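Scroll down for the structure; my scribbles are underneath it.
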Amino acid sequence: MHNPSHHFVTDIISALHTTQSSVQIAVPLPMSPLKTEQWVNQFISHFSFQPSQPDWGADRYQVVLTSADQNPSTSEKKAFQCLLCIEWLCEAIWLEPIGNEHVGMTQNPGFISDYLRQQAALV
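Each residue of the sequence shown is one higher than the one before, starting from 962 at the first, in our numbering.
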């Protein structure tokens, strides 16, 4: 049976490219504000993120995403934040680590990439 949400997740995972400062997501950009909101809503629901209030610019969309706490049974907080950027002029979508709560680990874009892969495995 064809599962569109599984297809979305596998497309995202196969499109990931980790750089020194961000995780690029090489997929076609949404073509309208409504399509952007739909894409972001699908992204946050599949990858267990909580979004902040989005920030729309002339040619860009940004939203801070907070990950799910991966280990609610312990007091250890593993949640992290990253910035989702969609820029039409650059024709790019990427995630940047933000915050300094766990300097080192969550400041590494590879950490974001690993988190996305872990969440995809749960689908």
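All residues carry an ideal CB built from backbone N, CA and C; glycine is no exception.
From a predicted model like this one, the values you see are computed outputs, not experimental measurements.
1) Please classify Ala1082: does DSSP put it in a helix, a strand, or coil?
2) Would you decide whether Ser975 is buried or exposed? Buried here means 16 or more other CB atoms lie within 10 Å of its CB.
3) For the beta strand (DSSP E) that Ser1028 lies in, which residues bound it at each end?
4) Determine, using beta carbons only, whether Ala1081 comes closer than 8 Å to chain C.
5) Given a cut-off of 8 Å on the beta-carbon distance, is the pair Gln1080 and Phe1004 in contact?
6) On a CA-only basis, which of Pro1012, Asp1075, Leu995 and Ala1019 is nearest Leu1044? Give me that one, please.
7) In angstroms, rounded to a whole number, what distance separates the CA positions of Asp1020 and Ala1053?
8) For Gln985, I'd like the list of residues in its chain whose CB is within less than 6 Å of its CB, leaving aside the five on either flank, ordered along the chain.
9) Identify the residues that DSSP records as bridge partners of His968: which are they?
10) In whole angstroms, what is the alpha-carbon distance linking Ile1073 and Pro1058?
Looking at the atomic coordinates:
1) The residue you call residue 1082 lines up with position 121 of the sequence shown. In the structure shown, Ala1082 sits in a helix (DSSP, three-state: H, G or I).
2) Stepping through the sequence shown from its first residue, residue 975 is reached at position 14. When all chains shown are included, Ser975 counts as exposed.
3) Here residue 1028 is taken as the residue at index 67 of the sequence shown, counted from 1. Taken as a continuous stretch (DSSP letters only), the beta strand (DSSP E) holding Ser1028 covers Arg1021 to Ser1028.
4) Reference to chain C is not applicable here, since this structure consists of a single protein chain.
5) Within the sequence shown, residue 1080 is the residue found at index 119, counting from 1. Within the sequence shown, residue 1004 is the residue found at index 43, counting from 1. In this structure, Gln1080 sits away from Phe1004, with a CB-CB distance that is not shorter than 8 Å.
6) For this step, residue 1044 is matched to residue 83 along the sequence shown. When Pro1012, Asp1075, Leu995 and Ala1019 are compared, the shortest CA-CA separation from Leu1044 is found for Pro1012.
7) By 1-based counting over the sequence shown, the position of residue 1020 is 59. By 1-based counting over the sequence shown, the position of residue 1053 is 92. One alpha carbon belongs to Asp1020, the other to Ala1053, and they sit about 11 Å apart.
8) If you number the sequence shown from 1, residue 985 lands on position 24. Within the same chain, Cβ atoms closer than 6 Å to the Cβ of Gln985 are found at His978 and Trp1055, the five residues on either side in sequence being excluded.
9) Here residue 968 refers to the residue found at position 7 when the sequence shown is read from its first residue. Answer by DSSP bridge pairing: none, since His968 is not bridged.
10) Taking the first residue of the sequence shown as 1, we reach residue 1073 at position 112. Taking the first residue of the sequence shown as 1, we reach residue 1058 at position 97. Between the alpha carbons of Ile1073 and Pro1058 lies a gap of roughly 7 Å.
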